[in-house]
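Data block below; observations after.
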Amino acid sequence: MELDELKSLINERMERVQTEKSPADIAMLLGKKTQAVTAKIKRSLVIEMVTSVAFTLACIAIAVFGTYSSLRIYFAIFAVICALFIPLLYILFNKTKKLSSTALPVKSNLQTLIKIIREYVKRYFQLTMALIPISLIIAFSLVYTQENLYNPVQDTFFVGSPLKTALIAGYIILFSIGMYYFTKWYLKKLYGNYVQQLEMLIEELEEQQ
Amino acid sequence: MRGFSFAVIFSFFELPICCTVYITDIYGIRNGKSRMQATNEFLSLINQHQNIIHKVCNLYMHDAADKEDLFQEITLQAWNAYKSFRGDAKFSTWLYRVALNTAISFYRKEKRKPQFERAYEFPDQPDETSEIEEQMQAMYQAIGALSKIDKALVMLYLEDYSYDEIGNMLGITANNVAVKMNRIKTKLKEESKKHYQFS
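First to last, the protein sequences are chains A and B. Counting from 30, one number per residue, gives the positions in the first sequence under my numbering. Counting from 931, one number per residue, gives the positions in the second sequence under my numbering.
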């Protein structure tokens, strides 16, 4: 039996619905929360933008009014990095918004979706990685250079020993490597499998036989 | 200090402008159409064409809860994209595009369910089964086993869209559609035979 022989019958049966929705039911649906990936990304971007603005303002306040010079430098650098990410997040938010408000052909829709997810993941990764060296190096330099926070006379174990340098270096390296792989794994868990599925769909659309 | 004070004062001028944009957006005074008018128009169109959404849901989802979720998702996506609908194409064609985009990119972690619940059955199954009914059921099961892309092709083909139109909706060439449809028809013929013999 061929598809063409049953074409009209199948189409007719597929159209039958058990429970037809009234306009009131449909109107109720419009107020519900969407589960689409673009909507999730949009929500995350809004939260990140608000957090970045709040964090930047807080960092600026500490950088301007802080008492310790190293603390002021530390928070000033944080403020610059967060402030740089705000326009990037906003551009990405607009792109995501544009995708969810247009009806592109299936292939273009999948390609744009992958591009947005990749860009989001890239920015998230960049932000996390950019904060690692700053938080580590400046945190250590803050503690060890500020007289009020660190007293070398009381530090009997570490003073002038190569062990101290090795331990600090080891900790920085392990923490950085750990954070790098953890962020990669986390992002892959969140979006990796989904992107892979979308890529397979594009491949399927493109294949000629 | 004086310059800074002026900057602060001037920056506050942006506030009413932002509020105006927001209020305009809330009341939906876009393209000369009020939001209420647009909502009513949209609800009426979706109500008339809801069979398209039901069809997509029946084909892409197995159980009732998933179908309901997909119906909601398609309606929401259509509502979001409705602003961009200018009436160049038929509403049904536009809705097919939105519905297929949503169904194809819909991501949900697979739930473990007993195999018998996962079998594809027509949404409105009659009590008595004739030979043609069994053949149709076998064909429908074979369609249900296809990939997401192939399901979209079959659905548009059943709706009598031309290969050019299907190509436009999916973003591929008409030639590619023809090649794929030939392959799908052969596959369905073989698969439905198995299901028919089995039943």
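Ideal placement from N, C-alpha and C gives every residue a C-beta, glycine not left out.
CB of residue i within 8 Å of CB of residue j, strictly
i	j	result
Leu234 of chain A	Lys136 of chain A	yes
Leu1025 of chain B	His984 of chain B	no
Ser81 of chain A	Leu58 of chain A	no
Val75 of chain A	Ile143 of chain A	no
Ala246 of chain A	Ile120 of chain A	Since the first and last residues shown for chain A are 30 and 238, residue 246 of chain A lies out of range.
Leu35 of chain A	Gln967 of chain B	no
Gln155 of chain A	Ile231 of chain A	no
Gln1007 of chain B	Ala65 of chain A	yes
Ser1136 of chain B	Thr212 of chain A	Past the edges of chain B, shown from 931 to 1129, lies residue 1136 of chain B, and the structure says nothing about it.
Phe972 of chain B	Leu1000 of chain B	no
Ile982 of chain B	Ala1029 of chain B	yes
Ile167 of chain A	Tyr209 of chain A	no
Leu1088 of chain B	Ile39 of chain A	yes
Val1107 of chain B	Gln237 of chain A	no
Asp1090 of chain B	Ile1114 of chain B	no
Val986 of chain B	Ala1033 of chain B	yes
Ser129 of chain A	Ala56 of chain A	no
Ile145 of chain A	Lys124 of chain A	yes
Ile106 of chain A	Ile163 of chain A	yes
Met78 of chain A	Asn988 of chain B	no
Ser974 of chain B	Pro134 of chain A	no
Burial state of residue i (16 or more Cβ within 10 Å)
i	result
Lys217 of chain A	exposed
Phe204 of chain A	exposed
Trp1009 of chain B	buried
Leu1083 of chain B	buried
Phe114 of chain A	buried
Gly207 of chain A	exposed
Lys997 of chain B	buried
Ile1062 of chain B	exposed
Ala1068 of chain B	buried
Cys111 of chain A	buried
Leu32 of chain A	buried
Ile1102 of chain B	buried
Arg1048 of chain B	Per-residue confidence for Arg1048 of chain B stands at a pLDDT of 48, beneath the threshold of 50, marking its modelled position as unreliable; no derived number is given.
Ile202 of chain A	exposed
Thr48 of chain A	exposed
Tyr220 of chain A	buried
Thr63 of chain A	buried
Asn222 of chain A	exposed
Glu228 of chain A	exposed
Val150 of chain A	buried
Listed by chain order, chain A residues near residue i by CB distance under 8 Å
i	result
Gln980 of chain B	Val46, Glu49, Lys50, Ile55
Ile1096 of chain B	What Ile1096 of chain B touches in chain A: nothing, since even the nearest Cβ is about 10 Å away.
Met1069 of chain B	Met30, Leu32, Leu35, Ile39
Ala1082 of chain B	Val135
Leu1086 of chain B	Ordered by position in chain A, no residue passes the 8 Å Cβ test against Leu1086 of chain B, which lies about 10 Å from the chain.
Lys1115 of chain B	Glu31, Leu32, Asp33
Start and end residues, alpha helix (DSSP H) containing residue i
i	result
Thr141 of chain A	135 to 162
Leu203 of chain A	191 to 216
Asp1094 of chain B	1093 to 1100
Ile166 of chain A	First-last for Ile166 of chain A: undefined, no H or E at that position.
Arg101 of chain A	98 to 129
Thr1103 of chain B	Premise fails: Thr1103 of chain B is in no alpha helix (DSSP H) and is neither H nor E.
Glu232 of chain A	222 to 235
Leu58 of chain A	52 to 59
Lys1078 of chain B	1078 to 1088
Met991 of chain B	Run containing Met991 of chain B: none; DSSP gives neither H nor E here.
Glu77 of chain A	66 to 94
Gly1074 of chain B	1061 to 1074
Thr1023 of chain B	1021 to 1035
Phe972 of chain B	965 to 978
Cβ-heavy atom distance, residue i to the ligand NAP, below 7 Å
i	result
Val1084 of chain B	With respect to the ligand NAP, the structure shown offers nothing to examine, as it has no ligands at all.
Where residue i meets chain B, residues with beta-carbon distance less than 8 Å
i	result
Ser129 of chain A	Gln1007, Asn1010, Ala1011
Thr157 of chain A	Simply none; closest approach about 24 Å.
Leu142 of chain A	Ser1035
Per-residue contacts from residue i into chain A (C-beta, under 7 Å)
i	result
Gln1002 of chain B	Leu58, Lys61
Ser1014 of chain B	Ser130, Thr131, Ala132
Ala995 of chain B	By Cβ distance, chain A contributes nothing, its closest Cβ being about 13 Å from Ala995 of chain B, past 7 Å.
Tyr1037 of chain B	Val66, Tyr223
Chain-ordered neighbours of residue i on chain B, where CB pairs are closer than 9 Å
i	result
Ser137 of chain A	Gly1101
Val150 of chain A	Here the premise fails: no neighbours, minimum Cβ distance about 15 Å.
Chain C residues whose Cβ lies nearer than 9 Å to that of residue i
i	result
Glu1089 of chain B	Here chain C cannot be found, since the structure's protein chains are A and B.
Contact list for residue i against chain A, beta-carbon separation under 9 Å
i	result
Arg1027 of chain B	Ala132, Leu133, Pro134, Val135, Asn138
Ala1075 of chain B	Here the premise fails: no neighbours, minimum Cβ distance about 14 Å.
**Request:** Could you list the residues in the segment 73 to 101 of chain A with a C-beta less than 7 Å from some C-beta on chain B, going in chain order?
**Result:** none
Fill in: the segment 216 to 235 of chain A: positions lying closer than 8 Å to chain B by Cβ
Tyr223, Gln226, Leu227, Leu230, Glu233, Leu234, Glu235
Q.
Counting only Cβ-Cβ distances shorter than 8 Å, please list the residues of the segment 1096 to 1113 of chain B near chain A, keeping chain order.
A. Asn1098, Met1099, Leu1100, Gly1101, Ile1102, Asn1106, Val1109, Arg1113
Along the segment 198 to 209 of chain A, where does the CB come closer than 7 Å to a CB of chain B? Name the residues. none
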